[in-house]
Every structure is written in C-alpha cells, then in structure tokens.
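Adding 15 to a residue's 1-based position in the sequence shown gives its number in my numbering. Here the structure comes first, spelled out in structure tokens, and everything after it is commentary.
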Amino acid sequence: MNETLILTILTIITAATPLVYAAIGELVVERSGVLNLGVEGMMLGGAVCSFAVAHHSGSATLAILAGLLAGMLLALIFAFLTLSLQSSQVATGLALTIFGIGLSALLGQSLVGIAFAGLPSLQVPWLSELPVLGRLLFSHDAMVYGSFAIVLLVSWFLNRTRAGLVLRAVGDSHDAAHALGIKVIRVRYLATLFGGACAGLGGAYLSLVYTPMWVENMSAGRGWIALALVVFAVWQPGRLLLGAYLFGGISILQLHGQALGINVPSQLMSMLPYLTTILVLVLISRDRGRIRRNAPASIGQSFHPTT
C-alpha cells in the first residue's frame, strides 16, 4: 500500500477519535431523554485539565483521568440544574458551552506554548510487525483502542443488558418508566455523568495526542459535530463510529488539499467539516420516519415526578 495512503488513514483515525468519544457519550445521554448541548464546553474542560496534569505530573494516566473527571464535573453541574432544578436543557447546555470556553481559557493561560510528548503507541507483539495491517490496526495509543472498546461496550449495554433496557425506557417515556418504579432522575444523572466523562476523554485526546499542547478553544467546534453525529447515526453506536470516521476524513481534507497544491482558499477547506455537518442534518431531517422510529420520544423534556 502506498505510504501516503497509510499516513492518510492514520491521520483520519487520529482526527476521528475525539469525535467518537464525545459522540458516544452524548448518544447515551440522549437515549436517556436528556439533551446536553454543552459537549463543546465539556471537551474544552477535559482538554485543559488533562494537559495541566500531564505538564505538572508527567503522567499520561493521571492526565487522562483528570480529563475524564473534569468532564464529569461539568456534566454534574448541568445535571443538577436541569434534572434537580428543572431548568431548560437547551439554555443550560448552551450556557455550559460558554462557561467551558471561558473557564478553559482562564485555566490555560499559563499553559500556552508548552508542548507535551504525547501518548506512546502500544505495540501489539507480532501483529504490529505485519507489513501494512500492523501500522494501520496494531500501532496506536491506548485511547484509540479505547474508543473502539467504548463503542462496543455501549452497543452491548444498550441492546443486551437490563440496565440498557431501563435507560432506553426512560428515554422513550419517562412517565411510563416512573409508573413502573424506575428512578428516572437517577438514571438520567448517571447517563449525563457518563456523557460528561466521554466528552472529557475526547478533550483529553485533543490536548495529549491530536495536538499535544494547549491552545485556547482547541476543540474548534468538534462538540457541535459530535451532536450532529448522534443524529446522523440515528442513535445507533455502530453508525456513529462510521460517521465519526467519515467526518474525521473530511476534517483532514484541508491539510491534504493544501499539501497537494489544490487551488482552493484555505478558509473554504476549513469550513468543509461544518458545511458537511449542515448538509448531513438537512438530508437526514427529510427522512422523518427513520428519526421518529429511533429518536428517544422524551428527549429534551423535563420530568416532574408526581410522587
């Protein structure tokens, strides 16, 4: 296989990984009936906290854990405001994004311009030495492997476990689930915290691997793309993984286009992922039947327990 093609595929994998983490977390949140538009803010919170811990401790493990916990903390704030205080999920999610952007910029002031060595690749014995597949499949860092694992685990959880059935029941009809004795608020709290943890991991990947340094607003709209990916995947984990790699491929076109000397303004190339997001959402919205069949019926609706 051509060396350029191999490098392109490896770059796509790197670009898609933060989208996989952020989108799979939001998918679980939405399947519980909660709409969290604060993914962008949680990714930035995870990115700055993980990079700060990596810089001061030198431990990649602690850095990843810090990103996870930062995302969960921001998600906890969102959950408390929307699930306990019954504030608007849309307004609170937007506020969370604005808060995350500002807070990450403040915390990261002293980190600008500092580089990090990145995460080491995990070489799989024997398999990593295969001529082409070794580099493509068995020579990645732990977070890339983790992104595949978390998609498989979420798919298994939603479709094969009782807890997954409970979560889907809460998302489809919180009133019916409550009548059956299910703790709706508790389920949604747990789902929201999981979504925050995944968004934090996506942010951690950005600052530790994708661009191993802290840059203000480095998520660059990936949180919004992750939200669109959930709709693109019609709330199915398998389709979400494919969609993330599609968007990851589009996002690196700007780099390869410029390298190949394509005479297109760089600003237009930078717009491609977001233009594609809009186009995909428009096309999907035309298939209202599929959306109605797969979208959680209670998404974005507040739950007011009567007892």
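All C-beta atoms in this analysis are idealised placements derived from N, C-alpha and C, irrespective of residue type, glycine included. Predicted model, so just to flag it, every value in this text is computed and none were measured.
According to DSSP, is residue i part of a helix, a strand, or is it coil?
i: residue 178; result: helix
i: residue 141; result: coil
i: residue 239; result: helix
i: residue 249; result: coil
i: residue 136; result: strand
i: residue 233; result: coil
i: residue 297; result: helix
i: residue 310; result: coil
i: residue 224; result: helix
i: residue 63; result: helix
i: residue 127; result: strand
Whose C-beta lies closer than 8 Å to the C-beta of residue i among residues of the same chain, with five residues either side of it excluded?
i: residue 21; result: 147, 150 and 151
i: residue 314; result: 45, 48, 49, 50 and 186
i: residue 319; result: 101
i: residue 160; result: 137
i: residue 233; result: 59, 62, 221, 222 and 226
i: residue 109; result: 52 and 53
i: residue 155; result: 28, 136 and 137
i: residue 105; result: 50, 52 and 315
Using 8 Å as the threshold, is the C-beta distance between residue i and residue j below it?
i: residue 54; j: residue 241; result: yes
i: residue 62; j: residue 219; result: yes
i: residue 227; j: residue 163; result: no
i: residue 208; j: residue 87; result: yes
i: residue 262; j: residue 52; result: no
i: residue 217; j: residue 58; result: yes
i: residue 169; j: residue 79; result: no
i: residue 287; j: residue 268; result: yes
i: residue 41; j: residue 245; result: yes
i: residue 292; j: residue 243; result: yes
i: residue 5; j: residue 312; result: This structure cannot speak to residue 5, because the chain is shown only from 16 to 322.
Give every residue of the same chain whose Cβ lies closer than 6 Å to the Cβ of residue i, excluding the five residues on either side of it in the sequence, and list them in chain order.
i: residue 179; result: 172 and 173
i: residue 158; result: 220
i: residue 85; result: 60, 61, 64 and 215
i: residue 192; result: 184, 185 and 199
i: residue 139; result: 153
i: residue 317; result: 101
i: residue 103; result: none
Output needed for residue i: all residues of its chain with C-beta closer than 7 Å, excluding positions within five of it in sequence on either side, in chain order.
i: residue 123; result: 63, 229 and 231
i: residue 204; result: 94 and 98
i: residue 289; result: 236
i: residue 133; result: 223, 224 and 227
i: residue 305; result: 249
i: residue 107; result: 93, 96 and 97
i: residue 24; result: 151
i: residue 81; result: 64, 65 and 68
i: residue 202; result: 47, 181, 182 and 185
Rounded to whole angstroms, how far is the Cβ of residue i from the Cβ of residue j, which I believe are closer than 8 Å?
i: residue 266; j: residue 37; result: Incorrect: roughly 14 Å between the Cβ atoms, too far for contact.
i: residue 56; j: residue 112; result: 4 Å
i: residue 67; j: residue 126; result: 6 Å
i: residue 129; j: residue 70; result: 6 Å
i: residue 83; j: residue 115; result: Not quite, the Cβ-Cβ distance comes to about 15 Å (not below 8 Å), so this is no contact.
Would you call the region 298-307 in contact with the region 236-251, where contact means no fewer than 3 C-beta pairs closer than 8 Å?
yes
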